[in-house]
Amino acid sequence: MKKLFLLSIVLISQAAVAQFQVWSNSFDTPADLQGWTTHDLNNNGNGWVQGQNIYHNGTALTYGTSGVLRYSVSLVPTGNAPGFGTENDWIISPEINLEGAAGTISLAAYIGRQRTTHLNFGRDIFIFVSTPQKQVPELADFQAMTVDANGNDIPSPYSIIAGNTNNPFPADLTQFNENLIDISAFAGKKIYIGLWSNRKPSGNNLQNINIDEISIYASSFLSTKDVKKKENLTKITENPVKDFLQIKLSPDFSENKTTVNIYNIAGQKVFSAPYTRSLNVGTLQTGAYITEIYDGKTTERLKFIKR
3 MKKLFLLSIV LISQAAVAQF QVWSNSFDTP ADLQGWTTHD LNNNGNGWVQ
53 GQNIYHNGTA LTYGTSGVLR YSVSLVPTGN APGFGTENDW IISPEINLEG
103 AAGTISLAAY IGRQRTTHLN FGRDIFIFVS TPQKQVPELA DFQAMTVDAN
153 GNDIPSPYSI IAGNTNNPFP ADLTQFNENL IDISAFAGKK IYIGLWSNRK
203 PSGNNLQNIN IDEISIYASS FLSTKDVKKK ENLTKITENP VKDFLQIKLS
253 PDFSENKTTV NIYNIAGQKV FSAPYTRSLN VGTLQTGAYI TEIYDGKTTE
303 RLKFIKR
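Numbers in my numbering are just positions in the sequence shown, counted from 1, shifted up by 2.
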């Protein structure tokens, strides 16, 4: 159901501009948790997992058909985790590179509830910024964000939440609500995201959550000086791109001398080939890219989205 909500990313507000996908995880398969780390600190076998969404079908909890990042005190729809009153579980993302992202940066999450009695539902997000001194965080770095020096709880300034007055859940428990949070403060950084599930009364840390997708979008990527100011005459004829990048070359270029280079949002070259009207880019990951067209004399750069 998440695809029903993606269009709203394009216009976050009436004054917003187009958003380009920087990073995304759909949690559709177990492989999508590669690079993520999980911590079951109360050792009861319950914690964050990738799997099918769980929802109450009117009679009992059951599995849905969407691949999600799930947290539930139910290990399976027919069983409960022992000691769930002391839950203390973390999941931490791999590195998310926002070095090429600029402007408005938004994290989008697609949240589902498991019961109709869950009206207001969400999760605090803790964000670690990589530094030369400490590039990769430890669990303790995230735990330190949750309390002050005196052991008092610190609420996270970043939360994904759905089901409130402005964003009510649909009646269908198999659908997901989109929520956006502004993380523009992390432009140009490498970050890690931590989600904590606990039974403390404070904080937005309710259990039984299905997260269908988490994505990050930016209003611009790479430096603006890297994009030509004059209007490009070369065109990408179909954008977003699925498997083939279709390029209609400007008459200014010498076709048989032209090279096409593609850069990701971190400025890394990920593709290079002699120009043809249709280039196979099916192996590129989903996200935003810059195409550089060059024939030794003339250069043009165009943005495209790989889906």
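For glycine and all other residues, C-beta sits at the position ideal for the given N, C-alpha and C. These numbers come from a predicted model, not from an experiment.
For residue i, the first and last residue of its enclosing beta strand (DSSP E)
i, result
"F22", "22-27"
"Y265", "261-266"
"R303", "301-308"
"P276", "271-276"
"G298", "Unbroken run through G298: none, as it is neither H nor E."
"V131", "123-131"
Residue of the options minimising C-alpha distance to residue i
i, options, result
"L63", "V51, S76, D245", "S76"
"N154", "Y160, I162, Q145", "Q145"
"L304", "L286, V262, D297, T288", "V262"
"N90", "D245, Y265, W198", "W198"
"D174", "G114, L71, K271", "G114"
"D297", "P96, T260, V131", "T260"
"N123", "I162, D42, N82", "One detail in the question is off: residue 123 reads as Phe in this sequence, not Asn. It is I162."
"S68", "F29, P159, G81", "F29"
"V24", "G37, I94, R201, I185", "I185"
"N55", "K136, Q177, H41", "Q177"
"L235", "Y265, V283, S274, E294", "E294"
Rounded separation between residue i and residue j - CA only
i, j, result
"S74", "Y277", "51 Å"
"L247", "T148", "45 Å"
"K5", "A142", "Per-residue confidence for K5 stands at a pLDDT of 38, beneath the threshold of 50, marking its modelled position as unreliable; no derived number is given."
"E180", "N27", "14 Å"
"E101", "T61", "48 Å"
"E215", "N168", "20 Å"
"Q52", "I292", "32 Å"
"A33", "I249", "33 Å"
"P170", "E302", "45 Å"
"Y112", "I213", "6 Å"
"I193", "S95", "9 Å"
"N210", "D126", "14 Å"
"P134", "Y65", "44 Å"
Residue-chain proximity (residue i, chain C), Cβ-Cβ < 9 Å
i, result
"L141", "Judged by its chain identifiers, the structure shown contains no chain C, having just a single protein chain."
Bridge-paired residues (DSSP) for residue i
i, result
"N282", "F246"
"F289", "Correcting the residue type first, residue 289 is Gly in the shown sequence and not Phe. In DSSP, G289 forms a bridge with K308."
"K237", "K250"
Cβ-heavy atom distance, residue i to the ligand MN, below 8 Å
i, result
"N258", "For the ligand MN, the structure offers nothing, since it holds no ligand at all."
N- and C-terminal bounds of the alpha helix (DSSP H) containing residue i
i, result
"F255", "Unbroken run through F255: none, as it is neither H nor E."
Minimum length 3: unbroken beta strand (DSSP E) runs contained in the segment 144-224: Listed in chain order, the beta strand (DSSP E) runs fully inside the segment 144-224 are 160-164, 179-184, 192-200, 211-223, counting runs of at least 3 residues.
Contiguous beta strand (DSSP E) assignments of at least 3 residues, all confined to the segment 21-102: DSSP runs (the beta strand (DSSP E)) wholly in the segment 21-102: 22-27, 39-42, 51-58, 63-73, 90-94.
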